[in-house]
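Below you'll find the structure, written out as structure tokens, and then a few comments.
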Amino acid sequence: MHADAPAAPAADLSTEAANVYVRPTVWQRLARHWAVRIGGAAMLLLTLVALAAPVLGTVDPTLFDPGSRDLLPGATGEITTLEGESVKHTFLMGSDSFGRDIHSRVLYGTRVSLIVGIACALLAVLLGVVAGLSAGYLRWLDMPLMRVMDGVMAIPGILIAIALVALWKASLLTVIVAIAIPEIPRVTRLVRSLVLSIREEPYVEAAVSLGTPTLKIMFGHILPNTVAPLIVQGTYICASAILTEAILSFLGVGLPTDMPTWGNIMAEGRVQFQQFPHNVFFPGIFLAVTVLAVNILGDGLRDVLDPKMAKRA
Amino acid sequence: MGAVLEIRNLAIALPRGGDRAQAVAGVDLTVERGEIVCLVGESGSGKSVIAHAVMGLSPKELKAVAGEILLEGEDILRASPERLRELRCVRMSMIFQEPMTALNPVMRCGDQIDEVLAMHTALGAAERRERVRRVIEEVHLPDPERMMASYPHQLSGGQRQRIMIAMALIMNPVLLIADEPTTALDVTTQAQILKLIRELQQNHGTGVLFITHDFGVVAEIADRVAVLRLGTLVEMRAKADLLARPQHEYTRMLIGSVPGIEPKRQGGGETAPLVLKAAGLSKVYRSGGFLSARRAVHAAEDVSFEIRRGQTLGIVGESGSGKSTVARCIARLIDPSAGSVSLGSDEIATVSARALRPLRRRVQIVFQDPYRSLNPRRTVGEAIIEGPLNYGMGRAQALARARSLMETVRLDPDALDRYPHQFSGGQRQRICIARALALEPELLIADEAVSALDVSVQAQVLRLFDEIRERMNLAMLFITHDLRVAAQVCDHVAVMSRGRVVEYGATREVFGAPRHEYTRALFAAAPGRGYTFGSPS
Amino acid sequence: MLSFLVKRILATVPVLLIVAVLVFLLLRLTPGDPATIIAGDAASPENVAKIRENLGLSKPLLVQFGIWFGNLMAGDLGESYFFKMKVSTLIGQRIEPTLALSFCTIVIAVLVAVPLGVIAAWKQGGWLDRALMGFSVMGFSVPVFVLGYLLIWLVSLKLALLPVQGYQRIADGFGPFIRHLILPSITLSVIYIALIARVTRAAVQDVLSEDYIRTARAKGLPEVRVLVGHALANAAVPILTVIGIGIALLIGGVVVTESVYGIPGLGRLTVDAVLARDFPTIQGVILFFSFVYVLINLLVDLSYLVFDPRIRY
Amino acid sequence: MKRFIRFAALAVAGLGLAAGAWAQGSVLRVVPHSNLSILDPIWTTQYMARNHGYMIYDTLFGTDEKGQIKPQMVDTWEVSPDNRLWTFKLRKGLEFHDGRPVTGEDVIASLTRWGKRDAMGQKLFTFIARMDSPTPDSFRIFLSEACGIMLDALGKPSSNVPFIMPKRVADTPADKQIEDYVGSGPYVFKRDEFKPGDKAVYVKFAKYVPRKEPPSGSTGGKIAHIERVEWNLALRDAQAQVNALVKGEVDIIEQPAFESYAALSKDPNIQIVNSNNLGFQYMVRFNHLHPPFNNPKVRQAAIAAFNQEAFLKAQVGIKEYYKSCPSMFVCGTPYGSTKGSDLIGKSNMKKAQELLKASGYDGTTVVVMKPTDLASITKLPDVAAQLLRQAGFKVDLQSMDWNTLVGRRAKKDAPSAGGWNIFATAWVSPDIWNPLTKAAIGAAGEKSWFGWPTDAEIEKLRDQFAREVDMGKRKGLAEAIQARAFEVGTHAPVGEYFNPSAVRKGVTGVVFGPGNFYWNIKK
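Protein chains in written order, with our numbering: chain A, 3 to 315; chain B, 360 to 896; chain C, 3 to 315; chain D, 151 to 673.
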């Protein structure tokens with residue numbers, strides 16, 4: 003495994019070459035980590051469920067039939083289609099107080115939750131990277147930008163989200179933006195501190211003396227080295243966004259209530275939680291498992307991609 | 360009376376996935392009362408593993424699988440955790456490499472020593488305080504009361520190591536394990552600490568197991584020497600005998616790799632064209648302001664020197680002397696506060712960033728830490744061609760040059776598409792040199808470029824630097840804290856202390872007859888001066 | 003030391019200022035006309051116009067901000083549209099339950115989380131560590147309201163141990179006061195425990211790999227002393243920091259928990275104000291929470307002086 | 151020191167116990183149906199303000215549980231033969247909480263202010279020429295023209311109720327809220343303990359003189375057996391309300407969520423008391439200003455699609471608590487009739503689809519506003535949306551909170567510019583049981599209630615109704631108005647329901663009526 007074939011004459015006695023620890027690639031290490039495996043598999047499964055929702059024994063999740071309200075899991079009832087015709091349907095997870103099929107709503111809810119989680123993470127990371135790079139590299143911008151970020155951070159995130167969603171018209175877009183905004187300062191801080199520390203790395207200084215232009219250093223040397231911590235941060239944002247969406251729905255300021263989201267299903271079902279726990283139970287399980295999976299995945303990614311680990315060769 | 364420490368046939372397993380099955384195997388070693396045994400080896404040889412095993416401080420993954428470690432006849436490997444705790448500091452003590460981090464930063468030094476007494480004696484608070492005060496005096500620290508009340512960060516490196524020694528010896532143990540205790544210290548401080556260890560060891564008749572990689576230190580302090588290579592003991596003999604007549608070829612190689620302190624190069628060449636001239640170079644860091652008093656730190660002050668083609672100038676100094684600041688000013692990684700740096704006929708200290716760009720290629724730099732000098736996400740090929748591409752060379756041509764440079768630095772040209780982590784430290788340093796050479800600079804700066812390397816690798820890289828300079832007729836600026844290294848490669852040296860150049864001249868003259876007081880102290884402190892290394896027999 | 007104190011205190015001023023600007027903008031730049039809301043049912047257009055004039059809503063934004071900020075400096079947060087009283091009075095009325103709940107939660111969280119974190123770090127990789135960290139990830143994944151319902155159902159209804167809802171003033175007796183607080187505090191503390199335990203574990207783990215821990219062990223100190231006297235003392239700063247930062251999380255949880263347990267605190271007020279589009283109250287509450295958050299983090303920073311003698315700048 | 155602390159702790163605990171024991175006996179803990187924020191029942195029509203009004207104010211007349219108007223503060227009254235002069239004499243001993251007697255001047259000021267805010271009051275005042283108070287204990291009303299609504303108006307049991315306030319309070323301009331809460335009712339408002347969103351407290355008014363008759367509706371003897379009534383305004387979570395009642399931490403939930411009844415009725419310690427036995431009516435309102443509902447044929451198609459059973463089943467869900475009723479007024483009350491109501495009475499999706507096709511509906515999106523925070527009506531818009539979709543409409547269901555909805559429904563802009571097409575609401579029966587009180591049937595264009603229908607004929611018939619004194623003829627007029635309203639499609643009544651209170655067993659004497667009354671209750 004030695005890299006240098008024509009070594010210096012004395013090198014065969016040197017013990018140094020023996021110390022080269024051949025590190026498996028990132029992908030190998032990821033594939034080997036139990037948390038990444040479990041979290042990743044769960045996420046994959048949920049994604050498949052979200053995509054295949056229409057063929058998993060579901061009906062239109064907004065359809066209802068008051069005659070079939072409050073059915074227990076497994077019961078059979080009727081549901082009225084948009085054409086006004088009644089069809090028989092088995093309610094695998096029961097029905098809610100409108101007579102909507104919880105099974106359908108939960109599965110379609112997976113879509114919404116994943117979209118909210120992933121979109122929030124992407125949005126927050128994207129904006130955070132732009133702000134963080136700017137603050138880390140443009141000295142004049144650093145101070146004012148970071149003060150604004152401090153200000154945003156000083157406002158508890160959920161309050162910003164609640165206020166924004168309540169003041170805008172609640173829609174998928176506004177909910178995503180409202181949940182993402184409070185996360186931006188954290189990403190910005192992370193990116194900025196990474197930029198500041200990577201900027202001091204000898205390999206960046208070497209690039210400077212090699213005459214590499216600033217922008218190229220930024221995107222060629224600095225940004226790629228922030229990717230790993232950003233992925234980790236992104237997963238945590240994703241998890242908390244999914245949870246926040248549910249909390250917003252619970253408080254009554256979330257996505258439109260006819261939209262099938264786990265938060266909405268639980269908010270709708272909580273009134274009769276003690277009587278018909280399935281209303282809260284099924285979406286609750288899906289929510290907890292999803293957030294758990296994302297968090298576990300995040301922990302695994304952190305273990306594998308953590309910059310401290312990466313520095314050791 | 361038997362040996363204080365007797366290690367018999369010790370084998371310690373490495374966890375799976377390591378580079379070998381056992382960290383140490385079949386090691387036999389004894390330390391007699393009042394004797395200093397040096398355990399020498401390069402990084403990864405397993406010397407610290409042995410030290411920790413003796414203290415019973417090995418991490419769980421490193422399990423002793425065979426042999427015994429007898430402390431005055433009692434087997435450490437089979438002692439209960441409680442018994443081990445009773446033995447520590449009482450019968451055996453340990454001091455560490457980094458006095459910086461080995462002391463608890465949030466606890467007063469006095470309390471940290473006191474903790475030992477509180478643990479192992481039944482003394483009252485006042486008596487303990489008196490004992491602590493006495494031991495602090497014994498390690499020659501001034502103003503014991505103040506030392507006791509100080510936090511570690513308020514002390515210098517040497518003072519901290521003295522506190523560590525005081526802590527280790529307060530219970531008068533029979534065995535002291537010193538794990539590279541002076542490696543992190545400046546050479547003058549190192550000399551004082553070595554002297555202190557010697558003094559205390561003689562006063563108390565302590566047996567010392569002294570771990571080091573530095574043959575200079577070995578020459579200073581050892582009674583007997585054990586050489587460790589990849590976990591096995593290759594040779595163990597009395598110091599004089601071993602240094603003069605190494606038996607094992609590994610020992611010979613190691614000793615042969617130690618740079619000699621006698622200057623090798625003649626200097627001269629005063630007629631070659633001037634490449635770099637620094638005049639009155641200064642760098643001042645200002646801090647504070649608003650509310651706190653403004654402070655100005657003069658990292659470099661009025662530094663002047665010149666380098667001609669084909670010559671090497673060494674800047675020598677201890678940490679904080681400002682030598683790296685000078686290097687970075689010349690590479691314009693930082694902007695000097697005052698003075699001029701002219702590269703040929705071009706002034707580079709004050710030009711704008713835009714005007715600087717074409718000049719940058721003429722000065723290249725190689726850094727100390729081979730692990731951080733290469734972007735972990737780029738292949739070495741990309742690293743080497745980055746410079747040429749920046750200056751408009753075509754990719755194919757740049758790659759061709761990279762291949763030939765790989766040969767120049769004695770690496771396999773086919774390894775260009777590998778990533779840095781697939782190379783050892785020495786190999787990476789070669790890659791960094793290749794990267795610097797890719798721009799065909801006039802001046803190559805080596806900022807402590809061999810300091811992080813093991814001695815055998817260091818010798819190879821030093822040879823490489825010499826070869827390159829000769830072949831390419833380069834001017835070199837060689838920054839180092841190691842006088843031996845400077846003696847090997849420099850035509851001229853500038854000795855720096857507290858930001859100023861205190862002595863500047865041809866290497867032979869400076870080394871032969873140092874004029875400045877500081878230079879003299881520096882030379883006096885260089886370990887192992889009495890021995891001549893570097894001439895493989 | 004003094005200069006550190008003064009500097010740190012002064013540094014909060016711009017943050018608070020920016021928070022004020024952000025909160026003002028957040029609510030003024032969103033669609034919806036507060037005047038029509040205040041005017042109530044069946045108000046005449048003239049009436050609405052009059053209200054708008056009184057509120058200064060027709061003035062330029064900057065002037066509006068000036069007036070608003072001037073009032074703010076004088077301690078006047080405006081008058082609630084919905085509750086028809088001074089927002090400051092409103093906050094004053096609601097502060098006690100929230101304060102009590104938060105304090106109780108922090109006490110529970112610190113008492114539980116710090117020892118858990120230390121033990122997990124000490125037994126790193128062991129089953130206890132895994133169990134504790136598993137619990138911590140779960141804590142992050144279960145929505146607060148689901149947890150609240152489960153606890154009420156179990157503790158109050160099935161076991162009949164504690165009251166299901168409400169708040170008793172401490173002035174009305176300590177017994178009822180604390181009985182009403184236990185369940186909400188436990189509910190709220192779970193996520194906080196998860197957070198603190200995680201950070202404690204990571205911080206102590208970091209410290210445990212430090213050289214001075216080896217020194218402490220080499221002195222022959224028993225593990226408890228090494229862990230508490232050396233490791234925990236050095237991990238105090240990150241732990242305190244996360245307790246401070248976690249306040250944001252806590253505030254988010256307060257909003258939900260107070261709804262679940264019918265506690266008339268600031269969280270409940272927030273939800274009421276948001277649902278009623280009560281701009282001044284929303285502004286006031288967000289400002290107040292942010293102020294508290296900044297203040298607590300200031301205190302945390304100042305406490306570093308006690309825990310870390312190296313901070314002297 | 152330590153001992154002192156222990157002593158203090160014991161003392162505090164002791165105090166707590168004592169306070170607890172005292173609280174158990176004489177405090178009635180009520181979970182009202184909503185938050186109490188506005189304390190002026192004339193300024194707002196909110197039912198919470200009305201209930202607050204009943205606690206602290208008294209009324210001239212009341213409506214008993216059968217819908218009959220009975221005197222309350224009034225002792226006797228006379229009407230001149232031409233029906234144009236009404237003379238009222240007040241009962242003896244009426245006194246405000248501040249100790250002053252109630253006089254005719256107070257009454258006149260109160261009626262004047264009420265007449266500026268309340269819809270029926272406004273109507274009544276179009277007939278009133280002047281009022282005076284010849285003696286402190288009497289007052290006279292001079293009409294310019296005879297009218298049939300005098301007692302109906304003065305005895306109006308629901309918002310806005312003509313409560314009698316002291317003159318100094320009633321002189322507050324009608325568009326400003328009052329700030330003095332002195333009344334002459336059976337309870338005194340504890341202003342210092344009032345915390346909106348937390349609690350409102352009322353204590354017994356010792357000097358209140360109740361009538362001798364047994365209590366019925368808002369009439370009869372209002373005897374306060376309870377020393378202190380506490381409204382818990384913080385307990386808004388439906389599940390928490392149920393839990394609190396089950397555990398006996400509160401005594402009454404005014405309007406539990408429909409979903410809660412199953413759990414509540416199972417508990418042996420809880421009784422379900424349908425005190426508001428006249429019930430409520432649901433309504434879906436169209437915006438007549440904008441397409442597609444500016445077209446009567448489209449409105450009719452929508453009405454035909456609205457299957458009352460679907461609304462009621464989804465929203466209420468408990469068979470005993472709802473009934474279909476095609477009347478625009480309330481079934482089982484004097485004007486309750488099925489005349490002209492086939493469209494909704496025999497709703498039919500096929501017919502709705504045909505009607506819509508024939509109407510020339512061009513696919514304009516219908517904006518349906520849904521309030522998320524008002525549990526008793528939150529599901530109606532979903533049902534409406536689904537039924538409309540099935541009939542062939544394109545629907546945009548928009549969620550918002552009730553306050554936003556209230557603000558938005560006042561907007562006459564096009565739905566695309568922040569206006570709306572449809573919303574749903576509920577009315578307590580007395581508010582809608584005749585063509586005058588029923589705001590939604592008014593068809594005076596932009597002057598009428600949100601939705602702004604325009605129909606000259608309806609307006610003409612309503613005016614006749616107001617003037618008519620003969621009961622038989624009034625019934626006929628009401629039927630005509632209803633038939634015309636269905637033709638025009640002012641709105642769709644989508645069923646009636648009850649929302650009974652849940653009360654701890656042991657709490658007795660709950661008074662029946664359209665509001666929630668807290669006199670006569672024993673615990």
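Beta carbons: idealized from backbone N, C-alpha and C, even for Gly. This structure is a prediction, so every number in the text was calculated from the model and none was measured.
- Around the C-beta of Met478(D), 16 or more other C-beta atoms lie within 10 Å, and the residue is accordingly described as buried.
- For the segment 594 to 644 of chain B, the full-length alpha helix (DSSP H) segments reaching 4 residues or more read 598 to 603 and 608 to 616 along the chain.
- Counted as a single uninterrupted DSSP element, the stretch harbouring Gln513(B) is not any alpha helix (DSSP H), since DSSP gives it neither H nor E.
- Where Val546(B) is concerned, the enclosing alpha helix (DSSP H) starts and stops at Val546 to His563.
- Non-local C-beta neighbours of Val229(D) in its own chain, meaning closer than 6 Å and more than five positions away in sequence, comprise Trp236, ordered along the chain.
- Look at the segment 711 to 772 of chain B and you find these whole runs of beta strand (DSSP E), each 3 residues long or longer: 722 to 725.
- For a Cβ distance threshold of 8 Å, residue set Asn382, Ala384, Leu385, Arg386, Asp387, Ala390, Gln391 and Ala394 of chain D lies close to Gly264(C), ordered along the chain.
- No Cβ-Cβ contact shorter than 9 Å links Ala390(D) with Tyr169(C).
- Nearest CB-CB separation between Leu183(C) and chain D: not below the 9 Å threshold.
- For Glu459(D), no chain C residue has a C-beta closer than 9 Å to its own C-beta; the minimum C-beta separation is roughly 31 Å.
- For a Cβ distance threshold of 7 Å, residue set Pro158, Gly159 and Ile160 of chain A lies close to Gly254(C), ordered along the chain.
- The three-state reading of DSSP puts Trp577(D) in strand, counting E and B together.
- Contact between the segment 31 to 41 of chain A and the segment 70 to 77 of chain A is absent: fewer than 3 CB-CB pairs across the two stretches fall below 8 Å.
- Interface with chain B (9 Å Cβ-Cβ cutoff): Pro231(A) is excluded.
- At least one beta carbon of chain C lies nearer than 9 Å to the beta carbon of Phe455(B).
- In this structure, the beta-carbon distance from Lys642(B) to Gly673(B) does not fall below 9 Å.
- Contacts between Ile591(D) and chain C, judged by CB atoms closer than 9 Å, are missing: the closest CB pair is about 16 Å apart.
- Residue-level contact check: Leu271(C) touches chain D, since one or more beta carbons of chain D fall below 9 Å from its beta carbon.
- The alpha carbon of Trp155(C) has as its nearest neighbour, out of Phe275(A), Ile287(A), Ala133(A) and Gly101(A), the alpha carbon of Phe275(A).
- The beta carbon of Ser211(A) sits closer than 9 Å to some beta carbon of chain B.
- A distance below 8 Å between beta-carbons, with the five flanking residues on each side excluded, links Leu547(D) to the following residues of its chain, in chain order: Val518, Lys520, Pro531, Asp532 and Ala535.
- When secondary structure is reduced to three states using DSSP, Trp170(A) falls in the coil class, being assigned neither helix nor strand.
- Closer than 9 Å to the CB of Leu166(A) there is not a single CB belonging to chain D.
- At the C-beta level, Thr217(C) and Ala410(B) stay beyond 9 Å of one another.
- In the three-state reduction of the DSSP assignment, Val408(B) falls in the helix class, which pools H, G and I.
- When Cβ pairs closer than 8 Å are counted between the two stretches, the segment 297 to 305 of chain C is seen not to touch the segment 123 to 137 of chain C, the count staying below three.
- For Gln274(A), no Cβ of chain C is located within less than 9 Å of the residue's own Cβ.
- Per the DSSP secondary-structure output, Ile395(B) pairs in a beta bridge with Val567(B).
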